[in-house]
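> Attaching a single structure in structure tokens format; questions to follow.
Residue numbers (full-length UniProt numbering): 1 to 387.
The structure is reproduced here in structure tokens:
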């Protein structure tokens, strides 16, 4: 390091020390709480660092029948590349049937739309065409993938950017099979996860799930248990017995789907109560001045995940937690609907005060089941502290 570099560093250190000393003189005998209160009441600070503390209800993604709706994800495993049959694999394609939770796993060599579409085409030829496919915003779900959806008349839904909760079911399942894979790698670091992918999906599809009323995904998907008793030769050779057997099989599948649907609907009702109980947000009025978080490709964001702009509430759908906001972007006035999670007051202080009022209303109007759970958890916390 040269003499000039040392001198420059010393000057910067002196400037920092002088600046800190000057600030200490200005705020001498002023408490940190008071400074924080002033900053929270400042609209300028509210625009620089707004508090997006609203929490709307999470949406329950559901389907009414097998293979009606799929969630698709591509898991990147760059630290665990595996060479299999002369090719290197770095990715795992995950396909989940929402109704039955039935899981498909496939190792891929490249993160490309063509390779993803090729494997999905094989699934569709064997299992039929779904009505809806939900994915994230990845480029591997564009181009050839969109062509596949258009050709088969599939509705393609993309989750909100930087919002993994939209793909909640498949994200949770990813954690399950990846934990099994990491466990195998701990036992044997040379484990070939490409070979084991089918084993992971088979294990998952045979496991009972609370969301399915403790049925297995395999049972809900195929309408039978994984292990099936063999039919005697006499029954197969007898034509009447053969017809009777197939009719019984069809009826068994219908009964299995009906049973699964009843249990799934009960689970969804319980989850809806929990989601609505956890949701709490400020109720904004038409004309309120707010800050809005802009995300998505239409804003041409390159390095930033989002940008924040001041806006005004033009229209409100309070029951749906949606607000039509007028704002300016790139010197042009715009109007768009935004979920309450992406909206906040102009000052942090106002947001905290109005949110506290909303929380009081939420606690007074909450469902008895969620209220009991909160009381039980608070009692456990008190007992833990006393212990």
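Heads up, the beta-carbon is just placed ideally off N, CA and C, and yes, glycines get one too.
(1) Once the 5 residues before and after residue 200 are set aside, which same chain residues still bring their CB inside 7 angstroms of it?
(2) On the DSSP letters alone, give me the boundaries of the beta strand (DSSP E) that residue 393 sits inside.
(3) Taking only three categories from DSSP, how would you classify residue 55?
(4) Just list the residues that DSSP pairs residue 291 with in beta bridges.
(5) I'd like to know whether the C-beta atoms of residue 67 and residue 113 end up nearer to each other than 9 angstroms.
(6) Taking the straight line between their C-alpha atoms, what separation do you get for residue 430 and residue 43?
(7) Going by CA-CA distance only, name the one from 58, 49, 16 that's closest to residue 271.
(8) What are the uninterrupted segments assigned as beta strand (DSSP E) that are 3 or more residues long and contained completely in the segment 83-107, given in chain order?
(9) From residue 369 to residue 278, what does the alpha carbon distance come to, in whole angstroms?
(10) Which of helix, strand or coil does DSSP assign to residue 170?
(11) Can you have a look at residue 107 and say buried or exposed, based on whether 16 or more other CB atoms are within 10 angstroms of its CB?
(12) Would you give the residue range spanned by the alpha helix (DSSP H) that residue 147 belongs to?
(13) Is there contact between the segment 83-103 and the segment 144-153, where contact requires at least three CB pairs shorter than 8 angstroms?
(14) By Cβ distance, which residues of its chain are closer than 8 angstroms to residue 286, with the 5 residues on each side in sequence left out?
(15) Please report the distance separating the alpha-carbon of residue 324 from that of residue 363.
(16) To the nearest angstrom, report how far apart residue 19 and residue 144 are at their CA atoms.
(17) Within this structure, are the beta carbons of residue 72 and residue 103 separated by less than 9 angstroms?
(18) Note down, in chain order, each residue of its chain lying with its Cβ closer than 8 angstroms to the Cβ of residue 174, except the 5 sequence neighbours on either side.
(19) Would you call residue 188 buried or exposed, if buried means 16 or more other Cβ atoms sit within 10 Å of its Cβ?
(20) Do residue 339 and residue 355 have their C-beta atoms closer together than 9 angstroms?
(21) Once DSSP output is grouped into helix, strand and coil, what is the label at residue 203?
(22) Which partner residues of residue 216 appear in the DSSP bridge assignment?
(23) Can you give me the C-alpha to C-alpha distance between residue 311 and residue 56, rounded to a whole angstrom?
(24) Please classify residue 193 as buried or exposed, where buried requires at least 16 neighbouring CB atoms within 10 angstroms.
(25) Give the single residue among 213, 309, 336, 35 whose Cα lies nearest to the Cα of residue 346.
Reading it off the structure:
(1) For this step, residue 200 is matched to residue 200 along the chain shown. These residues qualify, in order along the chain: 105, 177, 180, 181.
(2) Given a span of 1 to 387 for the chain in the structure shown, any question on residue 393 remains unanswerable.
(3) Your numbering for residue 55 matches position 55 in the chain shown. In this structure, residue 55 counts as strand in the three-state DSSP scheme.
(4) On the chain shown, residue 291 is found 291 positions in, with the first residue counted as 1. 310, 344.
(5) Taking the chain shown and counting its residues from 1, one reaches residue 67 at position 67. Taking the chain shown and counting its residues from 1, one reaches residue 113 at position 113. No, Cβ-Cβ distance for residue 67 and residue 113 is not below 9 angstroms.
(6) No answer is possible for residue 430: the residues shown for the chain start at 1 and end at 387.
(7) Against the chain shown, residue 271 aligns to sequence position 271. Minimum Cα distance to residue 271 is reached at 58.
(8) Within the segment 83-107, the complete beta strand (DSSP E) runs of at least 3 residues are 87-89, 91-97.
(9) Here the question's residue 369 lines up with position 369 in the chain shown. Here the question's residue 278 lines up with position 278 in the chain shown. In this predicted model, residue 369 has a pLDDT of only 49, less than 50, meaning its place in the structure is not dependable enough to derive any value.
(10) Position 170 of the chain shown holds residue 170. Helix.
(11) Indexing the chain shown from 1 puts residue 107 at position 107. With a 10 Å radius around the Cβ and a threshold of 16 neighbouring Cβ atoms, residue 107 comes out buried.
(12) Within the chain shown, residue 147 is the residue found at index 147, counting from 1. Note, residue 147: alpha helix (DSSP H), 144-151.
(13) Counting Cβ pairs under 8 angstroms, fewer than three are found: no touch.
(14) For the purposes of this step, residue 286 is taken as the residue at position 286 of the chain shown. Closer than 8 angstroms at the Cβ level, and outside the excluded window around residue 286, lie 313, 314, 315, 316.
(15) Along the chain shown, read from residue 1 onward, the residue named residue 324 stands at position 324. Along the chain shown, read from residue 1 onward, the residue named residue 363 stands at position 363. The alpha-carbon separation between residue 324 and residue 363 amounts to approximately 27 angstroms.
(16) Here the question's residue 19 lines up with position 19 in the chain shown. Here the question's residue 144 lines up with position 144 in the chain shown. For residue 19 and residue 144, the distance between alpha carbons rounds to 57 angstroms.
(17) For the purposes of this step, residue 72 is identified with residue 72 of the chain shown, where counting begins at 1. For the purposes of this step, residue 103 is identified with residue 103 of the chain shown, where counting begins at 1. No, Cβ-Cβ distance for residue 72 and residue 103 is not below 9 angstroms.
(18) Reading the chain shown from its first residue, position 174 is the one you call residue 174. Same-chain partners within the cutoff: 73, 75, 94.
(19) The residue labelled residue 188 in the question sits at position 188 within the chain shown. That one is exposed.
(20) Here residue 339 refers to the residue found at position 339 when the chain shown is read from its first residue. Here residue 355 refers to the residue found at position 355 when the chain shown is read from its first residue. Going by C-beta atoms, residue 339 is not nearer than 9 angstroms to residue 355.
(21) To locate residue 203, count along the chain shown from 1; it is residue 203. Residue 203: helix per DSSP, three-state reduction.
(22) Here residue 216 corresponds to residue number 216 of the chain shown, with the count starting at 1. Per DSSP, none; premise fails for residue 216.
(23) Counted from its first residue, the chain shown places residue 311 at position 311. Counted from its first residue, the chain shown places residue 56 at position 56. When rounded, the distance between both Cα atoms is 20 angstroms.
(24) As a first step, residue 193 is located in the chain shown; it is residue number 193 there, counting from the start. Counting Cβ neighbours within 10 Å, residue 193 comes out buried, since at least 16 surround it.
(25) By 1-based counting over the chain shown, the position of residue 346 is 346. When 213, 309, 336, 35 are compared, the shortest CA-CA separation from residue 346 is found for 309.
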